[in-house]
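In order, the protein sequences belong to chains P and Z.
Counting from 39, one number per residue, gives the positions in the first sequence under this note's numbering.
Counting from 67, one number per residue, gives the positions in the second sequence under this note's numbering.
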Amino acid sequence: FPADPRATKEEGTQLVQKYLENYYGFKKDGESSVWKINSPMTQKLKEMQEFFGLEVTGKLDPGTLELVQKPRCGFPDVGG
Amino acid sequence: FSTFAGEPKWTKQVLTYRIVNYTPDLRPAEVNAAIKKALSVWSSVTPLRFVKKDRGDADIKISFAARGHNDFIPFDGPGGSLAHAYAPGKDFGGDAHFDEDETWTQSTKGTNLFYVAAHEFGHSLGLSHSKHPDALMYPVYRKFDPSVLLHQDDITGIQYLYGPSPNANNDQRESTEIKDPTESKDPELPNSCSSNLTFDAATTFRGEIMFFKDKHIWRKHPAVRTAELDLISSFWPLLPPGVDAAYEIPEKDEMVVFKGNEFWVVKGDTILPGYPQKVYTLGFSQDVIKIDAAFHNGNEGKTYFFIADKFWSYDKRSQSMDRKPLLIRDAFPGINGKIDAVFQHESFLYFFCGGKQIEFDLDKKRVTRFLKTNFWFPC
Numbered sequence: 039f040p041a042d043p044r045a046t047k048e049e050g051t052q053l054v055q056k057y058l059e060n061y062y063g064f065k066k067d068g069e070s071s072v073w074k075i076n077s078p079m080t081q082k083l084k085e086m087q088e089f090f091g092l093e094v095t096g097k098l099d100p101g102t103l104e105l106v107q108k109p110r111c112g113f114p115d116v117g118g
Numbered sequence: 067f068s069t070f071a072g073e074p075k076w077t078k079q080v081l082t083y084r085i086v087n088y089t090p091d092l093r094p095a096e097v098n099a100a101i102k103k104a105l106s107v108w109s110s111v112t113p114l115r116f117v118k119k120d121r122g123d124a125d126i127k128i129s130f131a132a133r134g135h136n137d138f139i140p141f142d143g144p145g146g147s148l149a150h151a152y153a154p155g156k157d158f159g160g161d162a163h164f165d166e167d168e169t170w171t172q173s174t175k176g177t178n179l180f181y182v183a184a185h186e187f188g189h190s191l192g193l194s195h196s197k198h199p200d201a202l203m204y205p206v207y208r209k210f211d212p213s214v215l216l217h218q219d220d221i222t223g224i225q226y227l228y229g230p231s232p233n234a235n236n237d238q239r240e241s242t243e244i245k246d247p248t249e250s251k252d253p254e255l256p257n258s259c260s261s262n263l264t265f266d267a268a269t270t271f272r273g274e275i276m277f278f279k280d281k282h283i284w285r286k287h288p289a290v291r292t293a294e295l296d297l298i299s300s301f302w303p304l305l306p307p308g309v310d311a312a313y314e315i316p317e318k319d320e321m322v323v324f325k326g327n328e329f330w331v332v333k334g335d336t337i338l339p340g341y342p343q344k345v346y347t348l349g350f351s352q353d354v355i356k357i358d359a360a361f362h363n364g365n366e367g368k369t370y371f372f373i374a375d376k377f378w379s380y381d382k383r384s385q386s387m388d389r390k391p392l393l394i395r396d397a398f399p400g401i402n403g404k405i406d407a408v409f410q411h412e413s414f415l416y417f418f419c420g421g422k423q424i425e426f427d428l429d430k431k432r433v434t435r436f437l438k439t440n441f442w443f444p445c
């Protein structure tokens with residue numbers, strides 16, 4: 039399904055953060071949930087992009103946004 | 067492929083499963099069929115076998131629930147997380163939960179239960195997610211080809227845990243499901259490998275080939291070695307057993323089924339309203355009271371109806387039936403006598419006459435092979 043064009047950057051961040059919490063063991067706590075170059079969240083995003091064979095940018099690019107909106111198995115991809 | 071930490075797996079080859087509750091999206095028989103088919107995806111490549119339990123405990127307990135459902139991973143409404151399952155182990159180990167907020171279907175619409183269940187049972191058996199985009203164990207729901215569900219990555223993974231399937235040609239392995247001895251015995255099932263196998267009817271149906279026999283159908287995908295035996299009534303409860311003929315009109319996604327002087331039109335798992343109707347409404351003469359076999363040639367837009375040693379044809383373009391039947395052997399040289407069943411696969415027709423199957427080349431208008439009737443089954 040095409041990605042939802044209305045997703046604003048903030049929405050995108052929340053969407054991806056939730057995805058990383060559910061499926062990549064990301065633990066949300068204050069400082070760690072910001073997009074800084076080596077922040078834990080960026081690291082987890084890179085891990086997810088690598089898992090799905092996306093370009094590993096650590097950024098919220100369209101490919102990543104589209105993927106996190108696809109229906110999927112509820113089991114984690116790593117550390118299940 | 068990947069396994070779970072510590073590589074948990076079942077130490078026994080015969081596993082029990084129980085469908086604890088059912089989704090209202092599908093009839094119970096359809097859920098049973100989808101779950102059974104999803105399990106057979108894995109048993110077809112491993113020594114594993116599955117016994118269905120109707121009550122009590124089971125290794126794999128299957129349930130449908132929305133949002134929070136007494137485990138640590140609540141579902142999230144429509145879309146998003148569709149289902150999840152637990153690695154092999156005691157209690158809820160192996161169990162598979164399906165999000166009731168999805169619309170579960172048997173088709174490409176909504177969320178296909180068979181496909182998701184096959185993925186989740188991969189977890190139940192010890193596989194984790196795969197990075198391979200074509201693998202069944204890839205975590206994202208996608209278009210799938212039911213005929214090639216397991217990717218080599220999946221097969222390598224599950225055989226890493228359980229080893230390959232023993233020799234498939236062993237006759238005792240008629241079906242991948244073993245009945246629980248404590249449950250009531252089913253009447254004798256038809257044997258697809260019997261040398262004197264005959265069919266009531268045969269047709270293509272949404273990419274598969276269906277062979278009708280009494281109250282059962284064998285469903286066979288040309289690209290998959292195994293065939294599946296189901297009750298006709300599990301898909302079409304209102305269709306009678308012992309049909310006479312059937313054909314598919316792929317471009318309309320319709321299947322027409324005959325018994326005696328009546329016929330039904332089926333679309334997917336639904337019989338269109340207003341059926342059965344009498345066969346004379348199709349344009350036959352009054353003396354036609356039964357059709358032996360039929361097939362629809364999509365290229366010509368013609369449907370052929372075989373009765374004793376003659377056939378009628380209906381031309382979609384002229385919307386007309388032949389005024390008089392013709393001799394079968396004149397149009398199909400080499401095909402003589404009464405036909406039990408016929409279906410078209412690619413550019414060949416497969417006629418079933420008594421204990422014989424005859425392959426007929428539609429382009430060259432001649433018989434190309436004589437085959438056993440159980441040619442399509444892994445005997």
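Each residue gets a CB set at the ideal place from its N, CA and C atoms; glycine is no exception.
Since the structure is predicted, the reported quantities are computational estimates derived from the model, not experimental observations.
- Using a Cβ distance threshold of 8 Å, residue 302/Z and residue 335/Z count as a contacting pair.
- Below the 8 Å Cβ cutoff, chain P contributes no neighbours of residue 370/Z, its closest Cβ being approximately 42 Å away.
- Counting along the chain, residue 89/P sits inside the alpha helix (DSSP H) bounded by residues 78-89.
- DSSP places residue 190/Z in the uninterrupted alpha helix (DSSP H) bounded by 179-190.
- Secondary structure of residue 395/Z (DSSP, three-state): helix.
- Contact of residue 115/P with chain Z by beta-carbon distance below 7 Å involves 195, 205.
- Interface annotation, residue 66/P: not in contact with chain Z, CB-CB separation never under 8 Å.
- The C-beta distance from residue 68/Z to residue 195/Z rounds to 7 Å, short enough to fall under 8 Å.
- Here residue 349/Z is near residue 387/Z, since their CB atoms are less than 8 Å apart.
- Annotation for residue 225/Z: the continuous alpha helix (DSSP H) segment containing it runs 218-228.
- Look at residue 92/Z here: in three-state DSSP terms it is coil, with no helix or strand label.
- In this structure, the alpha-carbon of residue 115/Z lies about 9 Å from that of residue 105/Z.
- Rounded to whole angstroms, the Cβ separation of residue 359/Z and residue 311/Z is 5 Å, and the two are in contact under 8 Å.
- In chain order, 55, 59 place their CB closer than 7 Å to the CB of residue 66/P, counting only its own chain and leaving out the 5 sequence neighbours on each side.
- For the stretch 292-309 of chain Z, there are no residues whose beta carbon sits under 8 Å from a beta carbon of chain P.
- According to the DSSP assignment, residue 415/Z belongs to the beta strand (DSSP E) that extends over 414-419.
- Judged by DSSP in its simplified three-state form, residue 268/Z adopts strand.
- Closest by C-alpha distance to residue 286/Z, out of 212/Z, 419/Z, 339/Z, is 212/Z.
- CA-to-CA, the gap between residue 225/Z and residue 135/Z works out to about 32 Å.
- In this model, residue 125/Z and residue 77/Z are separated by some 12 Å (Cα to Cα).
- In the structure shown, residue 351/Z falls within a coil segment according to DSSP collapsed to helix, strand and coil.
- Close CB contacts of residue 277/Z within its chain, under the 6 Å cut and outside five residues either way in sequence, are with 265, 268, 284 (chain order).
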